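Please read the structure below before turning to the comments.
In the working numbering, the protein residues as written are 11 to 285.
So this is what it looks like as structure tokens:
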């Protein structure tokens, strides 16, 4: 389906009309950049991710505020950046731009009533504790200044952006790491016979251990597990499962987890089964 632009609300949102005459809002990062009234948008273009169909009684004037609140968003983002840099003692010249692009899009989604889903909140809250604490402050600032409740899912995304800036990594790299760790956690909980992941001390310990194990493997750190033969003999099922997890991590990150790493992973999995 093709859409005709009625109005560019801002770089991330446009008001458009479908061939059937329905007015819709198309939202995606950069979707409005360089566009003008009358331009055509094709469904399925790579940057188009979200549609929001307006009710016939929708007040279009409400949408126009998205294009007029940019200065307020700039001020809020600047405040969050300064707080994060001060509390976590870092500087990153790319942080502001990455964060304002993300926040603008996220806040607009929430103002339109569109949900934000973050499957990695558990991982972020454990592995990025300092960043998550700052993100909670950011959530309060956004609520106070923009009157938007962002919730824990968006708070988690902000924490990941802060973490990426602090570590000087691309946000996609951080997201990939969280996805892999999340997948390992889900597999481990399923193996341990647990229906759902619950955040407790055992889960936190497992996440921290797996995260450190992956970091060490990426850094090609040699580790020596003196009891690896005993581990293999005493908990063979966990050892075999750990081999499968190691293979998954190897394929995802193109690294090698040898038997010393597998031994530690097997122990971590065994601890989960004992809860």
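The C-beta atom is built at its ideal place from N, Cα and C for all residues, glycine as well.
Keep in mind it's a predicted model, so treat the numbers as computed, not measured.
Cβ-based neighbour list, residue i, same chain, cut-off 8 Å, excluding 5 preceding and 5 following
i: residue 274; result: 219, 223, 233, 235
i: residue 195; result: 132, 133, 207, 213, 216, 217, 220
i: residue 66; result: Low per-residue confidence applies at residue 66: pLDDT is 46, beneath 50, and the placement is therefore not dependable, though the value from the model is reported in the following sentence. If we look at residue 66 and ignore the five residues flanking it on each side, it has no Cβ neighbours.
i: residue 178; result: 102
Beta-carbon contacts of residue i that lie in its chain and below 6 Å, excluding the five residues immediately before and after
i: residue 193; result: none
i: residue 17; result: 25
i: residue 100; result: 176
DSSP bridge partner residues for residue i (one or two, in chain order)
i: residue 295; result: Examination of residue 295 is not possible in this model, given that the chain is present from 11 through 285 alone.
i: residue 258; result: Answer is none; residue 258 lacks a bridge partner.
Enclosing alpha helix (DSSP H) for residue i [first to last residue]
i: residue 110; result: 105-121
i: residue 165; result: 161-177
i: residue 140; result: 139-156
i: residue 240; result: 238-244
i: residue 82; result: 80-98
i: residue 266; result: Neither: residue 266 is in no alpha helix (DSSP H) and is coded neither H nor E.
i: residue 124; result: Taken as a continuous stretch (DSSP letters only), residue 124 belongs to no alpha helix (DSSP H), as it is neither H nor E.
i: residue 222; result: 211-228
Continuous beta strand (DSSP E) stretch holding residue i: start and end
i: residue 52; result: 50-52
Three-state secondary structure (DSSP) of residue i
i: residue 205; result: coil
i: residue 130; result: coil
i: residue 43; result: coil
i: residue 192; result: helix
Residue i and residue j closer than 8 Å at C-beta
i: residue 110; j: residue 79; result: no
i: residue 238; j: residue 269; result: yes
i: residue 272; j: residue 253; result: yes
i: residue 120; j: residue 158; result: yes
i: residue 14; j: residue 50; result: yes
i: residue 172; j: residue 256; result: no
Cβ neighbours of residue i in the same chain (closer than 7 Å, five flanking residues each side left out)
i: residue 118; result: 22, 23, 37, 76
i: residue 127; result: 163
i: residue 115; result: 22, 39
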